[in-house]
């Protein structure tokens, strides 16, 4: 990797863009501050799937749910706080195949240091495929 490519890569890593790209171009679609609810989209790529490319691997499903909840806390704090998961519980309700997906996440409660969050994952047909609840430790957002 040449120096220019390395600099670009480092900038993408620092910005979080590389991670969001690796997660199927995860991106925020909307934020409702009154409901403390965030909606985000992503693409389930075939390489994220097992069983002959028909079922998203559970680690990716968990990552999409976790990212939605983390972004909800960031938006709820007006981009002043980040959150590190202390505990996350995921229920897999049905398989999620390749294609577009959405996550709806909300901040249930924020204390001084701890946040409680929930999220639901939906496939292209709008069917809920997984849900999660999480407890996270809030930290100052490093820029």
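Residue numbers (the numbering used here): 57 to 199. We put the beta carbon where it would ideally sit given N, CA and C, even for glycine.
So, helix, strand or coil for residue 135, using DSSP? coil
Quick one: residues in its chain with C-beta nearer than 6 Å to the C-beta of residue 151, no 5 flanking neighbours on either side, listed in chain order? 111
Decide if residue 124 is buried, meaning its Cβ has at least 16 other Cβ atoms within 10 Å, or exposed. buried
Cβ of residue 96 within 9 Å of Cβ of residue 186? no
Report the rounded CA-to-CA distance for residue 184 versus residue 177, giving the unit in angstroms. 6 Å
Quick check: what's the CA-CA separation for residue 106 versus residue 90? Straight-line Cα distance between these residues: approximately 39 Å.
Taking its Cβ as the centre, do 16 or more other Cβ atoms sit within 10 Å of residue 188, making it buried, or is it exposed? buried
Residue 140 and residue 192 closer than 9 Å at C-beta: yes
C-beta contact flag for residue 156 and residue 102 at 9 Å: Contact: no.
Between the C-alpha atoms of residue 130 and residue 196, what's the straight-line distance to the nearest angstrom? Rounded to whole angstroms, residue 130 to residue 196 spans 10 Å at the Cα level.
Helix or strand or just coil, what does DSSP make of residue 73? Three-state result, residue 73: helix.
By a C-beta neighbour count over all protein chains shown, 10 Å radius and 16 as the cutoff for buried, is residue 170 buried or exposed? Answer is exposed; the Cβ neighbour count stays below 16.
Compute the Euclidean distance between the alpha carbons of residue 138 and residue 198, then round it to the nearest angstrom. 8 Å
Which runs of the alpha helix (DSSP H), 4 residues or longer, sit entirely within the region 112-180? 114-132
I believe residue 82 touches residue 104 by the beta-carbon criterion, under 8 Å. Please report the beta-carbon distance rounded to the nearest angstrom. So it is not a contact: roughly 12 Å between Cβ atoms.
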